[in-house]
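Working notes for the structure below.
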Amino acid sequence: MAEPLTIAARRGVRPRLRGLVRRIAGAVFVLWAVATVTFFAVRLIPGDPAEAILGGPGSQTSPEALAAVRAEYGLDQPLLVQYLQQLGRLATGDLGRSYALNMDVGPLVLSQLGGTLVLAVLSLAVAWLIALVLATWSTGRGRLAAQIGSGLEIVAAALPHFWLATTLIVVFSIWAGVLPPISTVDARGLVLPVVTLAIPLAGFLGQVMRESLTTALESPFVLSARARGESDRGVLWRHALRHAALPAISLSGWAFGSLISGAVVVETIFARPGLGRTLLNAVTVRDVPVVVGVVMVVALAYILMTIVTDLASALADPRPTEHGNGALS
Amino acid sequence: MRLDASVFWTESNNATAGFPRTAFVKRDRRMPRPGIVPSSPRSATFAVLAGAVALGLALTGCTTATPDRSDEPAAGGTLTYASGDAEPTCLDPHVGGNYPQALVSSQFLESLVSLDTDGTIIPWLADSWSVSDDGLSWEFTLKDDVSFTDGTPLDAAAVQANIAHLQDPETGSSTGYLALAKVTGTEAVSDSVVRFTLAQPDSALLESLAQPWLAIESPTALTRSQDENCAAPVGTGPFIVDSWVKQNAITLMRNEDYTSPPADAEHAGPAYLESIVWRFIPDSASRYAALQAGEVDVIDNAQPDTISQAESSDTIVHLDAPRPGASNRIELNSGKAPFNDAAVREAFIRSANVDDAVASLFQGSAERSYSALSSVEPLGVSEPDLFDYDPDAAAELLDGAGWSQKDSDGYRVKDGVRLTVVFPVSTNQSIPAEQSLFEQIQATAKETGFDVQLTKLDLSSWYTALGSNAYDAVSAPYTKIGPDVLRILFHADGITPAPSGYFANHAQVNNPELDSLLTEADQTNDADQRASLYEDAQELILNGYYILPLYDQQNHFLLGSAVEGARALPTVSTPAFYDAWLNR
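Residue numbers (numbering that gives the first Met the number 0), protein chains in the order written: chain A, 0 to 328; chain B, 0 to 583.
Right, dumping it as structure tokens:
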């Protein structure tokens, strides 16, 4: 640290506090917008949720049962009243009660959150690993390596989850018989879903990583490092990679969101419990409280993840700041 | 490998059996199972699969069968069942009452009576029954020494509590509630005899009571809150609900004190299996892959493509168990133009090439139906001649009905109005092959000049389209035991939408002659008279061109090689694992 800590802290307090307030206000606005859009999007589709609650395929609903269900869930109220009630409940942290699952949304979402988080975090880690390996291997090795790396990344990024999932099942479950195609009590069942989510993401991450790595390797500081006698690998690992990681870190916030949406497909195909599958089921039966609840939790996770990636960017950014010569130096 | 009839299988290739013109073939769900041939060496399968992967993910079997296996049922083991149906929201089939509930509740709940494969009512929790001459009073004598798995004895009061539970609006029963519409009261004649009092005679009462939605539960358990009862209903069945982790699995444990198998069961005493893990795998390809990989033992909702792959596998067995009640059919809305004209209805039916489409899309897994009823219904009437594909006759009929002009797009017009058929399709209830079939019908009907407008809708929007009469054609499944389903689907009373907008007479058939036939059939207790009345009723329906029958309501199970002795209950074709054991 170049300056005494107290001065730096004092100087930063006001803008930081203001920044924090702005951030929280922004987050609340985003959550309100998400709740509103989701509620109306699901409810404005023509159809009666009471029918959906009672009417599974082949069931025959009686008017008495429907009336009871409408009264129980407040579906006989005007839509605006239902919306305001929903908002009021959300404001107090009550996610309401599922139309379809006979349970409160809060505990339901909590019970399913773990599975999706494990899947998303592992996939993100694996995607980073693949992208790093590919980018560092293919950079600074001439045009052929760069083209191979770039080609692999484009192909990976373009692979749809459902296709990848089915292919992996055929190859590793049916053909080789080494990995289960559905979730299991042990970790074996996690491998294929994680790989399914990680491969396309690794393609995206790898592309930005290699591009910024190439730019970094052409920068003057690399020349000076070389002049100090650093080896090629040393320059790459100790200097250039940090520059290259920045855009990929920022991208990870977005990636987390895309992993959650990928989880809808992957959890359904691999029969894994999780938020994605919960969301899909809820949309199918028009279970508004669950749809809103899941979307709110995902939005919250997305906001938190964005904050984390911002902090991580600040930490990893090797450029000098007013507080010192790089946050980690 | 034993070949006696005590193991119930239907090999899929039976589905190609001949179909006489008017007589009805009843498909036997208890065919003996041929021996299992050891499969090809793994390396050959490897090569085949390498090609399959390259070609685009065709799934083929690859398990080496063990040639020396036991013939005697072995107790123990866990069977894993993978359901493609929606996960029930409540395991008590009294609440609501749909097929996904029936699938799993059949494992732990039992009904008063059951059916054998001939469609005859046989004893289950009730040993015997009698009906008064006026048909208004039924007495059921219950089996001795049966207890629910919470220790509560099965007695007349228990049955009374169940009827009361089904008829209580708080329960929210739909299927069971409607089935008991004529029951006005119950009475305990003695500890083991219960009497039902009816407002009108009901020839379908026993068939209704055989349905899993009217299963008998412990009256002690029913006094719990609905949430508790939904999570773990208590019955008399061979298995007990042990735990239910939502969106994952239901675990069922063996009932060690089981004493009440139905009259057609193969053994007495507790079930062979120690437990059943009941999983939900919504994706059809994953479900089949899990079966091939040996992660699960039985799958339901097998789709035509996986059924045809399973047929070429040596180790996977196909159990074809069509559901009772109505056949799958397209109902033509005779309540408004253009289908209020019988000639236009006939023209539509003659212009739809169903046979070729079913053959190619279902790959032999579905047999064409020409009946309003499922082929497992003994009283079903089949009229293949009425449903010939004949575009020339269709064109002639339309000319005669005033739809002689064609517009620039090739569609028929009359008084400036195009011959349009609005056809909402429920994506929840029509499998992909069926949705493709409708597209084929759309294409062939276009050649004659029909503008068929298919719209794919989720269940709730689909109900709304029906309730607001915004359809000309629709396909809706209806599962119920016995021909009384005809009254629900074709009696004029079923046209009036309930306040909910739901009604079952989608064809809007309004024919007083038919109504009186159906009412009379519903109230007669003379079997021959009942059969003849239902035959007349079906002739009226089929000759009125109100429906285009397609095939039975499809219900296919695939079983791994280790599973022996599993069958589909002849009631509503849910799987039964009481006699099942694992040969591995």
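Each residue gets a CB set at the ideal place from its N, CA and C atoms; glycine is no exception.
For A:Arg88, none of the residues of chain B pass the 8 Å Cβ criterion, the least Cβ distance being about 19 Å.
Neighbours of B:Ala289 in chain A, taken as residues whose beta carbon is under 7 Å from its own, are Pro180, Ile181 in chain order. With its beta carbon less than 9 Å from one in chain A, B:Phe279 belongs to the interface.
In the three-state DSSP reduction, B:Asn339 falls in the coil class, being neither helix nor strand. DSSP places B:Asp296 outside both helix and strand once states are collapsed to three, so it counts as coil.
According to the DSSP assignment, B:Trp243 belongs to the beta strand (DSSP E) that extends over 238-244. Against chain B, the CB of A:Ile259 has no partner CB under 9 Å away; the residue lies outside that interface. Note that the segment 383-390 of chain B does not touch the segment 325-333 of chain B; fewer than 3 beta-carbon pairs, one per stretch, sit closer than 8 Å.
Distances from the CA of A:Ser211 to each of A:Tyr98, A:Ser312, A:Pro246 were compared; the closest alpha carbon is that of A:Pro246.
Between the C-alpha atoms of A:Leu279 and B:Val357 there is a straight-line separation of about 30 Å. Of the candidates A:Pro288, A:Ser97, A:Phe269, A:Phe269 places its Cα closest to the Cα of A:Phe161. Distance check between B:Lys413 and each of B:Leu114, B:Asp143, B:Leu397 places B:Leu397 closest, using alpha-carbon atoms only.
For the set B:Ala565, B:Gly564, B:Thr88, the Cα lying nearest the Cα of A:Val284 is the one of B:Thr88. Contacts between B:Asn247 and chain A, judged by CB atoms closer than 7 Å, involve Pro272 in chain order. For B:Gln225, a Cβ of chain A is located within less than 9 Å of the residue's own Cβ.
For B:Asn161, the uninterrupted alpha helix (DSSP H) segment begins and ends at 155-166. Residue pairing by DSSP puts B:Met252 in a beta bridge opposite B:Ile239, B:Ser274.
Only buried fits B:Gly171, as 16 or more other CB atoms lie within 10 angstroms of its CB. B:His266 is bridged by DSSP to nothing; it lacks a bridge partner. When the beta-carbon positions are compared, A:Ala126 and A:Glu152 stay at least 9 Å from each other. The criterion of a C-beta distance shorter than 9 Å is not satisfied by B:Ile487 and B:Val508.
For B:Ala248, same chain residues with a beta-carbon under 7 Å away, outside a window of 5 residues either side, are Val276, Trp277, Arg278 in chain order. The beta carbon of B:Pro168 sits closer than 9 Å to some beta carbon of chain A. CA-CA distance, B:Glu366 to B:Leu513, rounds to 28 Å. By the rule that beta-carbons nearer than 9 Å mark a contact, B:Glu86 touches chain A.
In the displayed model, B:Leu513 falls within a helix according to three-state DSSP.
When rounded, the separation of the alpha-carbon atoms in B:Cys229 and B:Thr573 is 19 Å. For the segment 157-187 of chain A, the set of positions with a beta-carbon nearer than 7 Å to some beta-carbon of chain B reads Thr165, Thr166, Ile168, Val169, Val170, Ser172, Ile173, Trp174, Gly176, Pro179, Pro180, Ile181 in chain order. Nearest to B:Asp521 by alpha-carbon distance, out of B:Leu205, B:Pro281, B:Ala74, B:Leu465, is B:Leu205.
Rounded to the nearest whole angstrom, the CA to CA distance from B:Ser224 to A:Phe28 is 39 Å.
With a 10 Å radius around the Cβ and a threshold of 16 neighbouring Cβ atoms, A:Val120 comes out exposed. A residue is called buried when at least 16 other Cβ atoms come within 10 angstroms of its Cβ; B:Val562 meets this threshold and is buried.
Per the C-alpha coordinates, the member of B:Leu251, B:Gly564, B:Pro237 positioned closest to B:Glu71 is B:Gly564. Secondary structure note for B:Glu330: its beta strand (DSSP E) is the uninterrupted segment 327-331. Where B:Arg194 is concerned, the enclosing beta strand (DSSP E) starts and stops at 192-197.
Close to B:Ser285, with beta-carbon spacing below 7 Å, are these residues of chain A in chain order: Ile168, Pro180, Ile181, Ile268, Phe269, Ala270.
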